[in-house]
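Asker: Before I ask anything, here is the structure I am working with.
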Amino acid sequence: MGSGAVIVVNLSGRGDKDVETAAKWFGLLDAEGNGRT
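In the UniProt record's numbering, the protein residues as written are 1 to 37.
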């Protein structure tokens, strides 16, 4: 991982929803919800 890498740690118990929310917030998903490469 590079110096700009982001690590998301989920402590809420509902990670399936939180990870998608975080990915959208950080701009890691395209318009269709697919991960960007």
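We put the CB at the ideal spot given by N, CA and C, even for glycine.
Quick one: what's got a C-beta closer than 8 Å to residue 86's C-beta in the same chain, skipping five residues either side?
Answerer: An answer regarding residue 86 cannot be provided, because it is not within the stretch 1 to 37 covered by the chain.
Asker: If you draw a straight line from the C-alpha of residue 11 to the C-alpha of residue 31, how long is it?
Answerer: What you label residue 11 is simply residue 11 of the sequence shown in a count that begins at 1. What you label residue 31 is simply residue 31 of the sequence shown in a count that begins at 1. Straight-line Cα distance between these residues: approximately 27 Å.
Asker: DSSP has residue 13 in a bridge; who is on the other side?
Answerer: Residue mapping note: residue 13 aligns to position 13 of the sequence shown, counting from 1. Paired residue(s): none; residue 13 is not in a bridge.
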